[in-house]
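One structure below.
2 protein chains.
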Amino acid sequence: MGRRARLRAQTTAEIKAIALKHLSEGGPDAVSLRAIGREMGMSGSAIYSYFDTRDALITTLINDIYTSLLDQVETARDAVARDDIAGRILAWGQALRLWSLANPEGFRLIYGDPVAGYHAPAGGPAPEAAKRACLGLTELAAAAWPYAEATQASTDHQWSDFSPGLADIVRKHFPGLPPAAVALALRMWGRMHGLISLEVYGHLATQTGDPAKLYHAELLDLLRSLELDVEHARHPEMPRTST
Amino acid sequence: MGRRARLRAQTTAEIKAIALKHLSEGGPDAVSLRAIGREMGMSGSAIYSYFDTRDALITTLINDIYTSLLDQVETARDAVARDDIAGRILAWGQALRLWSLANPEGFRLIYGDPVAGYHAPAGGPAPEAAKRACLGLTELAAAAWPYAEATQASTDHQWSDFSPGLADIVRKHFPGLPPAAVALALRMWGRMHGLISLEVYGHLATQTGDPAKLYHAELLDLLRSLELDVEHARHPEMPRTST
DNA sequence: TTCTAAATCAGAACGGCGTTCAGGCTTAGT
DNA sequence: ACTAAGCCTGAACGCCGTTCTGATTTAGAA
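From first to last, the protein sequence lines are chains A and B. Just so you know, we're using numbering that gives the first Met the number 0 here: the first sequence kicks off at 0 and counts up by one. Just so you know, we're using numbering that gives the first Met the number 0 here: the second sequence kicks off at 0 and counts up by one.
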C-alpha cells in the first residue's frame, strides 16, 4: 500500500468518524457532506472523491454500526456458558437493548429511516451483518429447540418459506434443524425488537417509567414459552423437570 | 361559523390532504411546504397562515393517521364477539399489521422517524391516540387476565412503574386489575410491533418470503402464552379445559 | 528523469428546502 | 366608513446534495 492509498484510507476514516460524531451529537440531519467537509477544512464537494454519493457514505456507516452491534451482542452471548441456553438468550437480548439505548441514532440508522431521503441499495445496506444477526439468533433457537419443539408446532413452516440464501446456510450450519426453528429465531428477533423499538422511539416513556423491567419480563416470558427457565438453564442435563 | 372560518377550514383540509397524498406517493421527503403550495397554486410561505411551522403540519398528520389507525383496529376488534377473547386479540393484531402494510408511510410517521428534521412536541405528537392504543390493549389484557394470570407472575410490577396518567385511567376503567396486567398489555403491544416494524422496514423480506405466516404464528404463540387458544376462545364458559 | 494520466481538491453554480419579512389586497367587525 | 385582522405574494437568507470546470499534485510508465 503506497503513500497515496494510505492517505486515502486515513481521509476516508476521518470522514466516517466525523459523520458518526455528527450523527450522535446532532442527529441524522447533522450528517451533511458540507458540514463534514467544513469540519475537515475541505469543501463539501471534495468528499465525492471518497464516496460516490451521500447515500454511499450512509450505507458504509450502517455497515460499520451494524457490525459493531453484532460484535457486542455476540460477545455478550459467548460470555455465557454454552450449555446455559436461557442465559445465552438473556445475554443476547439484554445486550441488544443496552446497545440500542446507548446508540439510539445507530439503532435508527439500522432499523428505522436512516436519514432524510436515504434509499437503501438493493439487498439492504448491510446484508452480511443482517445475516450474522439471523444466524446468531438461529443458533440460539437451535439450542433451545429440543426444549421448545413440542410447543412450536402450531404453524407448519417449510424451507421454501425462507429465502434460499438463508435456508441453505442454516441447513449447512445446523443439519437436521426443521424450518420451524428458523421461524422461531425470526420471531425471537421480533419479540426483542418490538419493545426496544418502542422504547428507542419514545413510545414507552410516556406509559411506563421502568422499561427495563418490562423488557426483562418479556425475556422471561420468552424463555417460559420455550420451556426454558432459570432452572433449566442451571440444570441443562435434566430438562422438563419443573412446572 | 362564518364564511371566513369555513374557507379557512377548507384550505386547512386541502393542505392536509395534499400532504397525505405526497406522503404516500413520494415518501416523507415529498412532504414539503413549497411542493404543497405549488400544487395548490399558492406560494410556499402562504401555508404559514395555517400552520406555524412544518413540524406543526406533521404533528397534525400524525394525529389524524394515528386516529384512523385506532378506528380501524378497534373496529376489527369489536367485530368479534365480546366473549371470544382470543378472537379479539387476533383481530386486533391482524388489523394492526394489515393497516401498517397498507400505510407504511403512516406507520413510519407514527412509530419511526417521521420526516427529515422533525422534532415531536413534548408529550408526543398524538398523546390521545397513544392513550387509546394503550387502553385498547389493556382491555384485551384485562379480558385475558383470568386465564393468563397464573403464568404472568414472573416479575412483580407496581402501579408506580407506570405513568400516573395511565395508571389512574386504567384503575378507573378496570377496577381490581393488577399492575402486572398493564405490563402484559404493553408487552403484547411490543410483541405485535416487533415483527410488523421489521416487516415494514424491509428487514424480514430478505429472510422470509411469508411474513404473514410468521406473524400469525407469533400471535398464536402469544395466545398460548396467555393460556388462551382457539378452544378457549370458542368455549369461553369452560376455561382451562384442554392441553 | 521526464512525461502523462489519474487522483485530489476548491469554488461556482443549479435547484431544492424551511423560514422570515415587507408589502398589497381582502374581508370582518365596530 | 374606517380600522384591524387575515391572507397571500415574492424576495431574501442560509442550509442542503450534486455537478462541473479548472488548478494542483502525485504515481507510474517510457
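The beta carbon of each residue, even a glycine, is placed where N, CA and C say it ideally should be. For clarity, every value in this text was computed on a predicted model and none was experimentally measured.
Extent of the continuous alpha helix (DSSP H) run through residue i
i: residue 2/B; result: 2-25
i: residue 198/A; result: 178-199
i: residue 217/B; result: 210-224
i: residue 46/B; result: Per DSSP, residue 46/B belongs to no alpha helix (DSSP H) and is neither H nor E.
i: residue 32/B; result: 32-39
Of the residues the options, the one placed nearest residue i, counting alpha carbons only
i: residue 27/B; options: 107/B, 205/B and 96/B; result: 107/B
i: residue 144/B; options: 118/B, 175/B and 75/B; result: 175/B
i: residue 95/B; options: 9/B, 195/B and 137/B; result: 195/B
i: residue 170/B; options: 137/B, 197/B and 147/B; result: 137/B
i: residue 64/B; options: 22/B, 222/B, 197/B and 192/B; result: 22/B
i: residue 75/B; options: 13/B, 217/B, 33/B and 87/B; result: 87/B
i: residue 177/A; options: 62/A, 80/A, 157/A and 212/A; result: 157/A
i: residue 48/A; options: 83/A, 85/A, 6/A and 183/A; result: 6/A
i: residue 112/A; options: 180/A, 15/A, 57/A and 91/A; result: 57/A
i: residue 54/B; options: 180/B, 32/B and 187/B; result: 32/B
i: residue 52/B; options: 13/B, 92/B, 117/B and 181/B; result: 117/B
i: residue 181/B; options: 142/A, 46/A, 216/A and 149/A; result: 216/A
i: residue 80/A; options: 66/A, 142/A and 122/A; result: 142/A
i: residue 150/B; options: 92/B, 204/B, 179/B and 130/B; result: 179/B
i: residue 29/A; options: 115/A, 44/A and 197/A; result: 115/A
i: residue 164/A; options: 82/A, 45/A and 122/A; result: 122/A
i: residue 50/A; options: 2/A, 204/A and 10/A; result: 10/A
i: residue 110/A; options: 197/A, 2/A and 12/A; result: 197/A
i: residue 72/A; options: 188/A, 210/A and 204/A; result: 188/A
i: residue 168/B; options: 44/B, 12/B and 130/B; result: 130/B
i: residue 12/A; options: 214/A, 39/A, 34/A and 166/A; result: 39/A
i: residue 62/B; options: 82/B, 126/B, 25/B and 152/B; result: 126/B
Beta-carbon separation (whole angstroms), residue i vs residue j, contact threshold 8 Å
i: residue 18/B; j: residue 68/B; result: That pair is no contact at about 17 Å.
i: residue 199/A; j: residue 124/A; result: The pair is not a contact, with the Cβ atoms about 18 Å apart (cut-off 8 Å).
i: residue 100/A; j: residue 218/A; result: Contact flag wrong, Cβ pair sits at about 15 Å.
i: residue 154/A; j: residue 20/B; result: With a Cβ gap of about 38 Å, residue 154/A and residue 20/B do not count as contacting.
i: residue 326/B; j: residue 162/A; result: What is shown of chain B runs 0 to 242, which leaves residue 326/B out entirely.
i: residue 190/A; j: residue 221/A; result: 6 Å
i: residue 97/A; j: residue 147/A; result: Not a contact, Cβ separation roughly 25 Å.
i: residue 66/B; j: residue 8/B; result: Rounded, the Cβ-Cβ distance is 17 Å, inconsistent with contact.
i: residue 193/A; j: residue 192/B; result: 4 Å
i: residue 46/B; j: residue 14/B; result: 6 Å
With 16 other Cβ atoms within 10 Å as the buried cut-off, status of residue i
i: residue 202/B; result: buried
i: residue 206/B; result: buried
i: residue 16/B; result: exposed
i: residue 234/B; result: For residue 234/B, the predicted structure reports a pLDDT of 45, less than 50, and the residue's modelled location is therefore unreliable. The matter cannot be settled from this model.
i: residue 159/B; result: exposed
i: residue 224/B; result: buried
i: residue 172/A; result: exposed
i: residue 186/A; result: buried
i: residue 140/B; result: buried
i: residue 232/A; result: Annotation note: pLDDT 46 at residue 232/A (below 50); position unreliable, coordinate value reported separately. Residue 232/A comes out buried.
i: residue 237/B; result: Confidence at residue 237/B is low in this model, with a pLDDT of 47, below 50, so its placement is unreliable and no value can be given for it.
i: residue 241/B; result: Note on residue 241/B: pLDDT 41, under 50, position unreliable in the model; no value is reported.
i: residue 120/A; result: exposed
i: residue 243/B; result: Coverage of chain B is limited to positions 0 through 242, which leaves residue 243/B absent and any answer about it impossible.
i: residue 70/B; result: exposed
i: residue 4/A; result: exposed
i: residue 78/A; result: exposed
i: residue 92/B; result: buried
i: residue 132/B; result: buried
Proximity test, residue i beta-carbon vs the ligand ADP heavy atom, cut-off 7 Å
i: residue 21/B; result: No copy of the ligand ADP occurs in the structure displayed, which carries no ligand at all.
- Item | Length at least 4, wholly inside the region 108-175 of chain A: the alpha helix (DSSP H) runs in chain order | 126-147 and 163-172
- Along the chain, which unbroken stretches of the alpha helix (DSSP H) at least 4 residues long are found entirely within the region 53-103 of chain B? 53-77 and 84-101
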